[in-house]
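These notes are about the structure you will find just below.
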Amino acid sequence: MKLTELSSLLKTVVTAGAVKALAANAPHKDRINKAEAYRTYGRAQVDRWLREGLIQLSSDHSAISKKTFDRKKLEAVAESSNRCTYLPVAER
Numbered sequence: 005m006k007l008t009e010l011s012s013l014l015k016t017v018v019t020a021g022a023v024k025a026l027a028a029n030a031p032h033k034d035r036i037n038k039a040e041a042y043r044t045y046g047r048a049q050v051d052r053w054l055r056e057g058l059i060q061l062s063s064d065h066s067a068i069s070k071k072t073f074d075r076k077k078l079e080a081v082a083e084s085s086n087r088c089t090y091l092p093v094a095e096r
């Protein structure tokens with residue numbers, strides 16, 4: 005391996021590690037909006053969880069009433085989501 009290849013590889017690894025560390029340690033908001041939930045978990049998943057009643061949109065008590073999700077509840081539903089427990093199409 006040439007020195008330029010090694011330096012390029014190290015730069016890529018360090019950048020990826022820094023991004024991962026910042027994402028893991030960045031402070032999270034307690035509530036997220038629907039658009040952010042769609043970006044994180046996928047529109048179809050979030051809409052299905054809403055239809056099934058696993059998550060609910062609620063408004064915060066600020067002057068501008070925005071509908072948001074509780075982040076901890078959303079993460080719990082996402083972690084427990086398992087394709088083998090879904091109802092077959094005929095039973096929906």
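First residue of the sequence shown: 5, per our numbering; consecutive thereafter. Even for Gly, the Cβ is constructed at its ideal location relative to N, Cα and C. Nothing here was measured: the structure is a model prediction, and the numbers come from that model.
Buried versus exposed call for residue i [16 or more other C-beta atoms within 10 Å across all chains shown]
i: residue 13; result: exposed
Proximity of residue i and residue j at Cβ, strictly below 7 Å
i: residue 72; j: residue 37; result: yes
i: residue 41; j: residue 50; result: yes
i: residue 18; j: residue 53; result: no
Expected contact under 8 Å - CB spacing of residue i and residue j to nearest Å
i: residue 59; j: residue 77; result: 6 Å
i: residue 43; j: residue 74; result: Rounded, the Cβ-Cβ distance is 17 Å, inconsistent with contact.
Whole beta strand (DSSP E) elements within the stretch 23–87, 3-residue minimum: 35–37 and 71–74
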